[in-house]
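Q: In the UniProt record's numbering, the protein residues as written are 1 to 427.
#1: Rank 72, 86 and 36 by C-alpha distance to the C-alpha of residue 63 and give the top, closest one.
#2: Give me the residue from 353, 182 and 361 with the minimum Cα distance to residue 376.
#3: Just tell me which of 99, 386, 315 and 131 has its CA closest to the CA of residue 236.
#4: Per DSSP, which one or two residues make a beta bridge with residue 312?
#5: Between the alpha carbons of residue 373 and residue 118, how many angstroms are there, rounded?
#6: Of all the alpha helix (DSSP H) runs that stay within the bounds of the stretch 84 to 135, which reach a length of 4 or more residues?
#7: Identify, in the order they occur along the chain, each residue of the same chain with its Cβ nearer than 6 Å to the Cβ of residue 364, setting aside the five sequence neighbours on each side.
#8: When the Cα atoms are used, what is the spatial distance from residue 111 to residue 141?
#9: Give the secondary structure of residue 211 by DSSP, where H, G and I count as helix, E and B as strand, and everything else as coil.
#10: Buried or exposed: which applies to residue 78, given that a residue is buried once 16 or more other Cβ atoms fall within 10 Å of its Cβ?
#11: Residues in the same chain with beta-carbon distance under 7 Å from residue 308, minus the five sequence neighbours each way, listed in chain order, please.
#12: Along the chain, where does the beta strand (DSSP E) that runs through residue 268 open and close?
#13: Label residue 259 either buried or exposed according to how many other C-beta atoms from any shown protein chain fall within 10 Å of its C-beta, with 16 as the threshold for buried.
#14: Here's the rule I'm using: 16 or more other beta-carbon atoms within 10 Å means buried, otherwise exposed. How should residue 381 be labelled?
#15: Can we count residue 350 as close to the ligand FMN, meaning its CB is less than 7 Å from some heavy atom?
#16: Could you tell me the distance, in whole angstroms, from the CA atom of residue 277 to the CA atom of residue 56?
#17: Helix, strand or coil for residue 44 per DSSP?
#18: How many Å lie between residue 20 and residue 315 at the Cα?
#19: Check whether the stretch 203 to 220 touches the stretch 119 to 131, counting contact only when three or more Cβ pairs, one atom from each stretch, lie closer than 8 Å.
#20: Could you check whether residue 180 and residue 241 sit closer than 8 Å to each other, using their CB atoms as the reference points?
#21: Hey, is the stretch 169 to 178 in contact with the stretch 260 to 271, meaning 3+ C-beta pairs nearer than 8 Å?
#22: Just the Cα atoms here: how many angstroms apart are residue 171 and residue 329?
#23: Which whole-angstrom value describes the C-beta separation of residue 369 and residue 347, a residue pair presumed to lie in contact below a C-beta threshold of 8 Å?
#24: Determine, using beta carbons only, whether residue 68 and residue 38 come nearer to each other than 8 Å.
#25: Give me the DSSP bridge partner(s) of residue 371.
#26: Kindly identify the DSSP beta-bridge partner or partners of residue 262.
#27: Residues in its own chain within less than 8 Å of residue 279 by CB, not counting five upstream and five downstream?
#28: Using the Cβ count rule (16 or more neighbours within 10 Å means buried), how would you classify residue 281?
#29: Smallest Cα separation from residue 388: which of 317, 6, 229 and 275?
#30: Is it right to say residue 47 is buried, meaning 16 or more other beta carbons lie within 10 angstroms of its own, or is it exposed?
#31: Could you tell me which residues DSSP pairs with residue 365 in its beta bridges?
#32: Can you name the residues that DSSP bridges to residue 354?
#33: Among 286, 115 and 332, whose alpha-carbon lies nearest the alpha-carbon of residue 150?
Laid out in structure tokens, this is it:
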């Protein structure tokens, strides 16, 4: 969050933060603050008189950081540990859908591998196997054959590839259609929608290869018409908010619904929930938001969202993720990235967001994660936003990285391939 764009906000602290945030001068990074230690976070907030905490990652939410902050009287935007189970346990989410008649894929939950395989054999392939718990965006296998499905069950239930996150698996039908992301801010009772976005989960061009945490996104997403957005609010978001309150675990924070707009019915079904702003969709939403974000999130944390409306730029936005070669598998860390300043100077509407970056002892910017940079741009339409984002990507000198060249292809089918970067092309 940028205090320059949020008039009510004096200063922003980021823990741990990264090299991009500290270089931007928009926020102060606190790398030494351990966000898994609630008491350390509470004493930091008291020392600096922090008026609002926004908890970003899912792990501290699931382990109860927001609950602890609220108990300590510190205004917090983010769900309690109980409410974060919407993301922390796919089984919890599915049971809620059953109870409150929220449309989702048919499923069964298993802890016994042979029972899971029998069910898979009865249902046939393609079929989806999911680890119940948090697996950093990698716990979902879309199995095209029975053998792949059996192997996915064994990897989770027998070989424990995802540790305790995979000691229970959900086997569900594969929904066909177009995926979209829908975000709503929730204050426990009320929900207000954010603009639509669409992510690109697969690692390769044309949506091929394994799932990732997201290789790029754009907003708005033409697939989510205004009419469909109201359907999502009525049939998915509001029943979830009411259901969570009825279950005694009111939800405060961002509900990020991963949806499938079904090919046959044209209606949305819920694939899964994230309980936070997702990466990379957050980038395209934030560059389009014109309201004071700090005020809106504070209102949500106080249960005062009713009557709040948000102002959005009519422009389109796109982000292209640059990742370390090898991602989402194993990848090399410490590769040097150059020319970011030139990339940001491509156009005034370009912003390079950092994820896994740091500075080495010589002051070089290096890659420390799988997904490393998000080249983000706005434009009068999606085509202009895309052209600017890819122009920025091409300026980046990073032989250790790669990116997809077709972000936005569903919305811009007429021109699928952006120019290749001679240094970081996947080819």
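Where a beta carbon is used, it is the ideal one built from N, C-alpha and C, also for glycine.
A: On the basis of the coordinates in this document:
#1: 36
#2: 353
#3: 99
#4: 289
#5: 43 Å
#6: 85 to 88, 90 to 99 and 113 to 123
#7: 336
#8: 17 Å
#9: strand
#10: buried
#11: 192, 296 and 299
#12: 268 to 274
#13: buried
#14: exposed
#15: Although the ligand FMN was asked about, the structure shown includes no ligands whatsoever.
#16: 7 Å
#17: helix
#18: 25 Å
#19: no
#20: no
#21: yes
#22: 23 Å
#23: At roughly 26 Å, the Cβ-Cβ gap does not stay under 8 Å, so residue 369 and residue 347 are not in contact.
#24: yes
#25: 323
#26: 177
#27: 213, 214, 355, 371 and 374
#28: buried
#29: 317
#30: exposed
#31: 337 and 359
#32: 373
#33: 115
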